[in-house]
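Sequential numbering of the sequence shown, starting at 77, is according to this note's numbering.
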Amino acid sequence: MQVKLNVVVGAIALALSGTAMSQELVVKIGHVGPTSGAIAHLGKDNELGARMAIDELNAKGVTIGGKKAKFELLAEDDAGDPKQGTAAAQKLVDSKVNGVIGHLNSGTSIPASKVYSDAGIPQISPSATNPKYTRQGYKTTFRVVADDVHLGGTLGKYAVKELKGLSIAVIDDRTAYGQGVADEFEKGVKASGGKVVGREFTNDKATDFTAILTSLKAKKPDVVFFGGMDAVAGPMLRQMKQLGITAKFMGGDGICSGELPKLSAGTMGDDQVVCAEAGGVEGDSKKSLDDFKAKFKQKYNADVQIYAPYVYDAVNVMAAAMVKAGSAEPAKYLPALAKTEGYKGVTGTIAFDSKGDIKNGALTLYTYKGGKREQIAVVR
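Below is the structure:
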């Protein structure tokens with residue numbers, strides 16, 4: 077009798093556990109960024125932002141369509157390389173992810189976006205700013221930061237109007253991001269009545285800029301703009317100092333990191349560097365971002381570099397669309413994602429336009445003093 081009872085109890089327990097398991101919905105979120113190579117510190121920053129969002133969603137016990145969701149992060153490294161980026165994208169598609177946050181660079185986000193579009197998988201980039209990214213006609217493509225038209229143009233205007241730049245030199249690293257933001261900066265300078273006295277280029281792995289800086293020095297620039305990332309900007313600043321170039325140094329969000337003073341080996345003068353981050357909050361919203369940065373530091377014992385808060389918001393916006401649609405299936409929650417309006421994130425209010433661009437995107441201008449990044453202003 078006891079044996080029969082044990083069998084019955086065991087069968088009931090098995091049935092109940094099977095029911096519980098059937099009620100759990102596994103949601104796979106892909107993340108891609110350069111977690112190896114020269115800008116691995118930025119890629120890891122992004123990945124940690126995604127992990128933080130995933131951990132919090134699981135702790136909250138989010139339900140989608142009546143089922144408890146268990147979020148899983150599938151993280152891939154694209155090393156900032158377009159070919160590796162498309163390979164990582166295909167790997168995530170083959171793994172049947174429900175959505176993707178990434179990539180970090182425009183040069184990897186743009187080719188990867190076709191892979192996700194073909195598979196019908198929503199992609200939110202937290203940091204790709206090249207305008208082309210959202211202008212390819214893909215319905216699956218979104219970003220939570222302002223693009224280079226806004227960023228480069230604003231910096232160009234600032235160089236002329238605020239820094240009183242009379243002779244401005246431009247250098248770019250020939251990547252989709254670097255060349256794109258430099259082109260928009262140059263347009264902004266000219267539209268504001270400024271003069272570009274020289275345009276040079278390098279690549280995203282270069283360390284010696286003596287030839288191009290010597291060429292520009294002869295033109296006596298008072299502002300040098302660099303379209304590229306901090307890993308290249310740091311050595312460039314060191315060599316500017318060695319050559320006696322005292323010009324202001326400007327760049328987009330790619331150089332606007334906490335690592336820049338270290339990468340420049342302490343050669344930056346106070347207020348010498350002016351850069352802009354695509355995004356930014358002010359007033360009451362600033363507390364949410366400050367709180368996020370404090371939580372991030374406590375959790376990972378690391379300071380936020382640039383994009384971790386945007387990754388965190390992107391994951392949560394995607395999850396919110398799934399909840400609203402009652403489904404984690406890409407085709408079912410994609411319309412809800414596209415209609416995102418008034419989402420209160422740590423980086424501000426998020427809403428998408430018809431292209432997938434953030435509406436009313438902000439920019440934050442920064443400088444550096446005593447080796448620390450300081451905010452100048454938030455502009456829209």
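Where is the CB? At the ideal position from N, CA and C, for every residue including glycine.
The structure displayed is predicted, hence computed values, not measured ones.
Check: Short of 7 Å in beta carbon distance, which residues of its chain neighbour Ser333, apart from the five on each side in sequence? Order them along the chain.; Outcome: Leu118, Asp306, Gln381 and Ile382
Check: Take the Cβ of Glu123 as the centre, count every other Cβ of all protein chains shown within 10 Å, and call the residue buried at 16 or more, exposed below.; Outcome: buried
Check: Taking the continuous alpha helix (DSSP H) assigned at Asp131, which residues delimit it?; Outcome: Ala116 to Lys136
Check: What residues in its chain sit with their C-beta under 8 Å from that of Ser291, if we drop five residues either side in the sequence?; Outcome: Gly274 and Glu276
Check: Please classify Ser203: is it buried, with 16 or more other beta-carbons within 10 angstroms of its beta-carbon, or exposed?; Outcome: buried
Check: Tell me, to the nearest whole angstrom, how far the beta carbon of Val225 is from that of Val246; I am working on the premise that it is less than 8 Å.; Outcome: In fact, because the Cβ distance is near 16 Å, the residues do not count as touching under 8 Å.
Check: Taking the beta carbon of Arg456 as the centre, do at least 16 other beta carbons fall within 10 Å, making it buried, or is it exposed?; Outcome: exposed
Check: Here's a check: name, in chain order, each residue in its chain whose Cβ is nearer than 7 Å to the Cβ of Arg449, leaving out the five neighbours to either side.; Outcome: Gly334 and Tyr442
Check: Say whether the segment 97-114 touches the segment 152-160, bearing in mind that this needs 3 or more beta-carbon pairs closer than 8 Å, one atom from each stretch.; Outcome: yes
Check: Select from Leu101, Ala427 and Ala294 the residue whose C-alpha is nearest the C-alpha of Gly142.; Outcome: Leu101
Check: Do Pro385 and Gly178 have their C-beta atoms closer together than 8 Å?; Outcome: no
Check: Among the residues of its own chain, which have a CB less than 8 Å from the CB of Ser171, if the five just before and after it don't count?; Outcome: Lys104, Gly106 and Leu150
Check: Just to confirm the assignment, what range does the beta strand (DSSP E) spanning Leu242 have?; Outcome: Unbroken run through Leu242: none, as it is neither H nor E.
Check: Could you check where the beta strand (DSSP E) with Tyr209 kicks off and where it finishes?; Outcome: Looking at the DSSP string, Tyr209 is not in any beta strand (DSSP E), and its letter there is neither H nor E.
Check: Can you give me the Cβ contacts of Met97 inside the same chain, cut-off strictly under 8 Å, excluding the 5 residues immediately before and after it?; Outcome: Confidence in Met97 is poor, its pLDDT being 45 and thus under 50, which makes the residue's placement unreliable; the coordinate value appears in the next sentence. Here the set comprises nothing.
Check: When we look at the beta-carbon of Gln318 and count the other beta-carbons within 10 Å, is it buried (16 or more) or exposed?; Outcome: exposed
Check: Leaving aside the five residues before and after Phe218 along the sequence, list all residues of the same chain whose C-beta is less than 6 Å from its C-beta, in chain order.; Outcome: Ile200, Phe428 and Gly432
Check: Strictly by DSSP, which residues pair up with Lys107?; Outcome: Note that residue 107 is His in the sequence shown here, rather than Lys. Looking at the DSSP assignment, His107 forms a beta bridge with Ala151 and Ile177.
Check: Kindly list the residues whose CB is nearer than 6 Å to the CB of Ser403, restricted to its own chain and excluding five residues on each side of it in sequence; keep chain order.; Outcome: Gly141 and Tyr409
Check: In the DSSP output, which residue or residues are listed as bridge partners for Asp248?; Outcome: Phe277 and Gly303
Check: Roughly how many angstroms lie between the CA atoms of Gly304 and Leu180, to the nearest whole one?; Outcome: 13 Å
Check: Might you give, ordered along the chain, the residues of its own chain that have their beta carbon closer than 6 Å to the beta carbon of Val454, omitting 5 neighbours on each side?; Outcome: Gly356, Glu358, Ala438 and Thr440
Check: Check this for me: beta carbons of Asn392 and Gly421, under 8 Å apart or not?; Outcome: yes
Check: On the CB-based measure, 16 or more other CB atoms within 10 Å of its CB, does Gln348 come out buried or exposed?; Outcome: buried
Check: Which first and last residues belong to the beta strand (DSSP E) in which Val221 is found?; Outcome: First-last for Val221: undefined, no H or E at that position.
Check: Can you find at least 3 beta carbon pairs, one from the segment 279-287 and one from the segment 308-326, that sit closer than 8 Å?; Outcome: yes
Check: Run the CB neighbour count on Met212, radius 10 Å, all protein chains shown included, and call it buried at 16 or more, exposed below.; Outcome: It should be noted that the sequence gives Gln, not Met, for residue 212. Per the 10 Å Cβ criterion, exposed.
Check: Work out the CA separation of Asn174 and Pro411 for me, nearest whole Å.; Outcome: 14 Å
Check: Quick check for students: name the residue ranges of the beta strand (DSSP E) that lie wholly in the segment 299-345, counting only runs of 3 or more.; Outcome: 299-303 and 324-327
Check: Report, in whole angstroms, the separation of the C-beta atoms of Lys281 and Ala114, which I expect to be a contact under 8 Å.; Outcome: 7 Å
Check: For a quick check, are the C-beta atoms of Gly232 and Lys263 less than 8 Å apart?; Outcome: yes
Check: One question on the structure: do Tyr214 and Ser185 come within less than 8 Å of each other, judged by their Cβ atoms?; Outcome: no
Check: Out of Lys167, Tyr388 and Gln99, point me to the one whose CA is closest to Thr139's CA.; Outcome: Gln99
Check: Would you decide whether Thr322 is buried or exposed? Buried here means 16 or more other CB atoms lie within 10 Å of its CB.; Outcome: exposed
Check: From the DSSP secondary-structure annotation, give me the bridge partner or partners of Val102.; Outcome: Lys146
Check: Just tell me which of Arg314, Gly320, Glu152 and Glu353 has its CA closest to the CA of Pro337.; Outcome: Arg314
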